[in-house]
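In full-length UniProt numbering, the protein residues as written are 1 to 224.
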């Protein structure tokens with residue numbers, strides 16, 4: 001009888017503990033932000049870049065993964081409190097910086113995460129030309145030792161456009177360092193199934209040698 005009583009008490013403790021855990025309020029505060037260089041958001045591959053959010057002061061320190069969307073913005077639902085945000089090494093088209101950023105969340109909070117890109121894509125322009133869409137752009141080097149591997153031009157049926165989401169693609173394998181100073185031009189023929197939609201979404205990415213993630217221009221809708 002004593003054994004049964006102890007077993008019953010232990011079972012009730014587990015049940016009550018579970019109920020207490022289930023009754024915790026979920027986080028209701030929205031932390032939003034963007035990855036920026038000189039106050040401008042940096043375009044990346046959708047879901048390809050991750051930041052980490054940590055809340056110190058608890059017995060078990062557990063990270064909150066925060067994924068950056070293609071426009072360089074991110075969001076996470078959290079509790080109010082003090083956090084530390086980190087940029088992962090080798091994860092992003094910018095110079096590694098693993099310094100932590102102190103983030104105080106008190107109500108809905110907006111932050112900026114500064115980065116140093118290796119290159120910038122500037123003046124990207126997309127125009128319909130017959131059955132193709134052409135683009136002209138400039139590339140500016142920001143880090144002296146960085147080398148461009150290729151420039152890639154994508155067309156896609158939706159607003160998500162990157163190395164994993166496209167219907168047509170072409171590359172320029174970078175010919176020389178002197179070419180950086182001159183505008184470049186690329187052209188892509190629109191696939192028939194996209195031409196029938198009456199519009200297409202276009203974007204350019206730059207791959208830096210030795211860096212996994214590309215930097216991208218903003219996505220642009222082109223009427224056909």
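Cβ atoms here follow ideal geometry from the backbone N, Cα and C, with glycine treated the same way.
Residues that residue i bridges to, as DSSP identifies them
i, result
"residue 65", "52"
"residue 133", "128, 188"
"residue 111", "33"
"residue 199", "223"
"residue 170", "153"
Collapsed DSSP secondary structure at residue i in the structure displayed
i, result
"residue 88", "coil"
"residue 194", "helix"
"residue 104", "strand"
"residue 28", "coil"
"residue 45", "coil"
"residue 74", "strand"
"residue 139", "strand"
Buried or exposed by the 16-neighbour rule on C-beta atoms within 10 Å, applied to residue i
i, result
"residue 217", "buried"
"residue 204", "buried"
"residue 104", "exposed"
"residue 79", "exposed"
"residue 173", "exposed"
"residue 93", "buried"
"residue 57", "exposed"
Residue i to residue j span [Cα, whole Å]
i, j, result
"residue 214", "residue 113", "18 Å"
"residue 77", "residue 86", "17 Å"
"residue 63", "residue 192", "45 Å"
"residue 110", "residue 49", "19 Å"
"residue 52", "residue 66", "6 Å"
"residue 8", "residue 25", "Note that residue 8 scores 37 on pLDDT, short of 50, meaning its location in the model is unreliable; the coordinates nonetheless yield the value given after this. The straight-line gap from Cα to Cα measures roughly 28 Å."
"residue 126", "residue 222", "7 Å"
"residue 47", "residue 108", "23 Å"
"residue 55", "residue 136", "45 Å"
"residue 146", "residue 208", "7 Å"
"residue 169", "residue 210", "21 Å"
"residue 153", "residue 202", "8 Å"
### Message
Tell me whether the region 183 to 197 and the region 124 to 142 touch, counting them as touching only if at least three CB pairs, one residue from each stretch, are closer than 8 Å.
### Response
Yes: the two stretches touch, three or more of their Cβ pairs being nearer than 8 Å.
### Message
If contact is defined by three or more beta carbon pairs under 8 Å, each pair taking one atom from either stretch, is the region 99 to 119 in contact with the region 31 to 38?
### Response
yes
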